[in-house]
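In what follows, a single structure is set out as structure tokens and then discussed.
Residue numbers (the working numbering): 2 to 322.
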């Protein structure tokens with residue numbers, strides 16, 4: 002007889018400090034955009050099936066990752082592979098905001114909850130299940146352990162993805178802006194060979210992240226990956242002109258992400274407002290959160306760093322010193 006149960010989980014999107022594709026070492030931070038999952042398991046189901054909803058719209062054919070997450074959790078505890086998972090997300094897909102990591106983490110946590118195994122599973126063990134699923138279904142080059150840690154644990158993380166080791170976890174507060182083009186760029190389709198040409202310099206950015214010089218690391222990372230992956234670095238330069246210190250291509254693009262500090266007081270114009278205007282000038286006009294024009298068609302998202310663990314554990318106990 003199998004176990005019957007229902008569970009819920011949630012995880013955040015994330016922004017890039019150092020992309021791990023070139024060196025298998027990376028850094029990222031959690032953001033206040035969320036994916037939620039509901040899982041039901043039991044003998045009444047035939048296999049594992051799934052539904053996804055992004056920004057209120059159902060997506061068909063993109064469910065292999067979350068289905069695999071459910072399967073891996075059930076396998077881990079010797080339970081029948083029978084269940085249903087549904088995710089609802091406000092994290093844009095294929096834009097570098099770590100939608101896959103958020104979906105995987107949320108599905109893993111919800112399945113652990115449904116199986117009654119959440120309390121006995123460490124945060125990093127939960128992350129590793131999602132990473133394994135991402136590698137199994139081919140949505141990631143490195144498994145995105147850095148992004149997954151940021152998504153589930155919150156704050157800034159620095160990781161060794163090859164060894165699935167969390168090297169550092171730091172809490173910082175900042176408003177965050179994303180420039181999100183309409184085009185999509187999926188990590189599994191990225192040019193790994195060109196990315197690894199810049200590995201020696203990406204290693205320098207990683208060293209900065211280890212020293213908690215996250216803004217410098219981001220900006221160096223951004224220029225390097227723009228060159229390697231053929232993205233226009235103009236959004237980075239516009240941010241620097243506004244006084245922003247930390248700005249990068251997020252993931253393998255096409256979005257850009259900037260840390261703009263604390264929100265300005267009433268009546269004052271902060272870096273975030275200046276950058277929003279500057280990024281809007283890359284197109285012809287801005288209406289609400291939409292940017293349209295001949296150079297960039299997309300939108301600007303405003304959010305903030307999320308420092309809270311999705312498992313309500315303030316810090317992982319597995320940080321490698």
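Glycine included, C-beta positions come from ideal geometry on N, C-alpha and C.
Identify whether residue 300 lies in helix, strand or coil by the three-state DSSP scheme.
For this step, residue 300 is matched to residue 299 along the chain shown. Strand.
Can you list, in chain order, the residues of its chain whose CB lies under 8 Å from that of residue 199, leaving out five sequence neighbours each side?
For this step, residue 199 is matched to residue 198 along the chain shown. Cβ within range, chain order: 23, 225, 226, 228, 229.
Once you ignore the five residues that flank residue 107 on each side, which residues in its own chain have a CB closer than 7 Å to its CB?
Stepping through the chain shown from its first residue, residue 107 is reached at position 106. Correct list, in chain order: 10, 11, 12, 36, 37, 38, 88.
Here's a check: name, in chain order, each residue in its chain whose Cβ is nearer than 8 Å to the Cβ of residue 323, leaving out the five neighbours to either side.
Nothing in the structure corresponds to residue 323, since the chain is present only between 2 and 322.
Own chain, CB closer than 7 Å to residue 66, minus 5 neighbours either side, in chain order:
Counting from 1 along the chain shown, the entry for residue 66 is found at position 65. For residue 66, where only same-chain residues beyond five positions count, the Cβ hits under 7 Å are 101, 104, 105, 134, 135, 138, 140.
DSSP three-state label for residue 4, please.
Locating residue 4 in the chain shown gives position 3, where the first residue counts as 1. Residue 4 falls in the coil class under three-state DSSP.
Measure from the alpha carbon of residue 132 to the alpha carbon of each residue in 146, 125, 92, then state which is nearest.
Your numbering for residue 132 matches position 131 in the chain shown. Among 146, 125, 92, the Cα nearest to that of residue 132 belongs to 146.
Which residue wins for smallest C-alpha separation from residue 84, given the options 184, 4, 93, 243?
The count along the chain shown starts at 1 and reaches residue 84 at position 83. Ranking 184, 4, 93, 243 by Cα distance to residue 84 puts 4 first.
Rounded to the nearest angstrom, what separates residue 312 and residue 154 at their Cα positions?
Here residue 312 corresponds to residue number 311 of the chain shown, with the count starting at 1. Here residue 154 corresponds to residue number 153 of the chain shown, with the count starting at 1. The straight-line gap from Cα to Cα measures roughly 8 Å.
When we look at the beta-carbon of residue 302 and count the other beta-carbons within 10 Å, is it buried (16 or more) or exposed?
For the purposes of this step, residue 302 is taken as the residue at position 301 of the chain shown. Label assigned to residue 302: buried.
Output needed for residue 272: all residues of its chain with C-beta closer than 7 Å, excluding positions within five of it in sequence on either side, in chain order.
Taking the chain shown and counting its residues from 1, the one referred to as residue 272 is at position 271. Within the same chain, residue 272 has close Cβ partners 243, 244, 245, 261, 262.
For residue 65, which of helix, strand or coil comes out of DSSP?
For the purposes of this step, residue 65 is taken as the residue at position 64 of the chain shown. Residue state, collapsed to three classes: helix.
Residue 19 versus residue 250 - alpha carbon distance
Here residue 19 is taken as the residue at index 18 of the chain shown, counted from 1. Here residue 250 is taken as the residue at index 249 of the chain shown, counted from 1. Each residue's Cα considered, the two are about 9 Å apart.
If you scan the region 138 to 212 from start to end, which runs of the alpha helix (DSSP H) of 4 or more residues do you find wholly inside it?
146 to 154, 193 to 198, 200 to 211
Quick one: what's got a C-beta closer than 8 Å to residue 202's C-beta in the same chain, skipping five residues either side?
Translated into the one-based positions of the chain shown, residue 202 becomes position 201. 221, 225.
Please classify residue 295 as buried or exposed, where buried requires at least 16 other C-beta atoms within 10 Å of its C-beta.
Sequence index remark: in the chain shown, residue 295 carries index 294 (1-based). Here the model assigns residue 295 a pLDDT of 37, short of 50, so the residue's position is not dependable and the matter cannot be decided.
Return the first residue and the last residue of the alpha helix (DSSP H) that residue 281 is part of.
Taking the first residue of the chain shown as 1, we reach residue 281 at position 280. First-last of the alpha helix (DSSP H) with residue 281: 272 to 281.
If distances are taken between C-alpha atoms only, which option among 275, 117, 253 comes closest to residue 197?
By 1-based counting over the chain shown, the position of residue 197 is 196. It is 253 whose Cα lies nearest to the Cα of residue 197.
Using a Cβ-Cβ cut-off of 6 Å (strictly less than) and excluding sequence neighbours within five positions of residue 179, which residues of its own chain qualify?
Mapped onto the chain shown, residue 179 falls at position 178. Correct list, in chain order: 256, 258, 302.
One or two residues paired with residue 257 in a DSSP bridge
Within the chain shown, residue 257 is the residue found at index 256, counting from 1. Its beta-bridge partners are 180, 250.
Given a threshold of 16 other Cβ atoms within 10 Å of its Cβ, counted over all protein chains shown, does residue 114 qualify as buried or as exposed?
By 1-based counting over the chain shown, the position of residue 114 is 113. Buried is the call here.
Own chain partners of residue 2 with C-beta closer than 6 Å, once the 5 adjacent residues on each side are dropped
As a working mapping, residue 2 is identified with position 1 in the chain shown. Because residue 2 sits at a pLDDT of 49, beneath the cut-off of 50, its placement in the model cannot be relied upon, and the following sentence gives the value as read from the coordinates. The answer is none, since no qualifying residue turns up.
Could you give the DSSP three-state label for residue 77: helix, strand or coil?
As a first step, residue 77 is located in the chain shown; it is residue number 76 there, counting from the start. Looking at residue 77 - three-state DSSP - the assignment turns out to be helix.
Please name the residue, chosen from 205, 212, 91, 195, that lies closest to residue 231 on a Cα-to-Cα basis.
The residue given as residue 231 occupies position 230 in the chain shown. Ranking the options by Cα distance to residue 231, first place goes to 195.
For the alpha helix (DSSP H) that residue 217 lies in, which residues bound it at each end?
Counted from its first residue, the chain shown places residue 217 at position 216. Counting along the chain, the alpha helix (DSSP H) containing residue 217 begins and ends at 215 to 230.
Locate the beta strand (DSSP E) running through residue 34, then write down its first and last residues.
For the purposes of this step, residue 34 is taken as the residue at position 33 of the chain shown. Counting along the chain, the beta strand (DSSP E) containing residue 34 begins and ends at 26 to 42.
So the alpha helix (DSSP H) residue 101 belongs to, where does it begin and stop?
Within the chain shown, numbered from 1, the residue matching residue 101 stands at position 100. Looking at the DSSP string, the run of the alpha helix (DSSP H) that includes residue 101 is 100 to 115.
Alpha carbon to alpha carbon, how far is residue 79 from residue 63? Give it in angstroms, no decimals.
Along the chain shown, read from residue 1 onward, the residue named residue 63 stands at position 62. Along the chain shown, read from residue 1 onward, the residue named residue 79 stands at position 78. Each residue's alpha carbon lies about 26 Å from the other.
Closest to residue 54 by CA distance: which of 77, 86, 45, 46 is it?
Here residue 54 corresponds to residue number 53 of the chain shown, with the count starting at 1. Selected option, being the one with the closest Cα: 86.
Where do the N-terminal and C-terminal ends of the beta strand (DSSP E) with residue 54 fall, by residue?
Stepping through the chain shown from its first residue, residue 54 is reached at position 53. Residues 49 to 55.
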